[in-house]
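Only one structure is covered here, and it is reproduced in the block below.
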Amino acid sequence: VSFAGYPLLAEGRIVGVMAIFAQRPLTDLTLREMEAVADVIAIGIERSQAEAARHALLTRLQLQIERMPLAYVLFS
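Below, the structure is given as structure tokens:
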């Protein structure tokens, strides 16, 4: 049985780990492809986390605006 694990790195921080188990030895090509896939997964996780943070911030901002007695908001 073979095993390979790759950290999912986004901007220098670990956002997860990808691992694979196989019944045969993993080839160098497979390991390089795993590394490329790990990079794509890390980018996706980072984007998802950024979108969640953006949504939370917009929700908090909306609540703040709704609580104001009178608000003038300009969007450009």
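The numbering used here puts the first residue of the sequence shown at 6, with every later residue one more than the last.
All residues carry an ideal CB built from backbone N, CA and C; glycine is no exception.
Owing to the predicted nature of the structure, the values given are computational and were not obtained by experimental measurement.
Presumed contact (8 Å Cβ cut-off) between residue i and residue j, rounded CB distance
i	j	result
Ile-50	Leu-14	Contact flag wrong, Cβ pair sits at about 10 Å.
Ser-7	Ala-27	4 Å
Start and end residues, beta strand (DSSP E) containing residue i
i	result
Val-22	18-27
C-beta atoms of residue i and residue j nearer than 8 Å
i	j	result
Val-20	Ala-47	yes
Ala-9	Leu-36	yes
Opposing strand residues paired with residue i [DSSP bridges]
i	result
Ala-15	Arg-18
Ala-9	Ile-25
Pairwise C-alpha distance: residue j and residue i
i	j	result
Gly-17	Pro-30	30 Å
Asp-44	Glu-38	10 Å
Gln-69	Arg-59	15 Å
Tyr-11	Glu-71	45 Å
Element boundaries [alpha helix (DSSP H), containing residue i]
i	result
Leu-62	33-72
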